[in-house]
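Chemist:
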Amino acid sequence: MPDKYTIGVDFGTESGRTVLVRVADGETVASHVHPYADGVIDERLPGSG
Numbered sequence: 003m004p005d006k007y008t009i010g011v012d013f014g015t016e017s018g019r020t021v022l023v024r025v026a027d028g029e030t031v032a033s034h035v036h037p038y039a040d041g042v043i044d045e046r047l048p049g050s051g
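Position one of the sequence shown corresponds to residue 3 (the working numbering), numbered consecutively onward.
1) Name the DSSP bridge partner or partners of Tyr-7?
2) From Asp-27 to Pro-4, what does the alpha carbon distance come to, in whole angstroms?
3) My guess is that Val-31 and Arg-19 are in contact by the Cβ rule of under 8 Å, so how many angstroms apart are they, rounded?
4) According to DSSP, is Glu-42 part of a helix, a strand, or is it coil?
5) Skipping 5 residues on each side, what residues in its chain have a beta carbon closer than 6 Å to that of Val-11?
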């Protein structure tokens, strides 16, 4: 039987994070953090003038 995996995703304030975990033993197989290009937007959307 093939291994089963689960994916966790977190959309945080300054970045998006993901993790891939093997269900059988809880081993973290892969993870990645992607910082948002515009960081925290607290005044107006980028490109909106």
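Even for Gly, the Cβ is constructed at its ideal location relative to N, Cα and C.
Modeler: Let's see:
1) Arg-24
2) 14 Å
3) Not really, about 15 Å apart at Cβ, beyond 8 Å.
4) For the record, residue 42 in the displayed sequence is Val; it is not Glu. DSSP places Val-42 in coil when its eight states are reduced to three.
5) Thr-20
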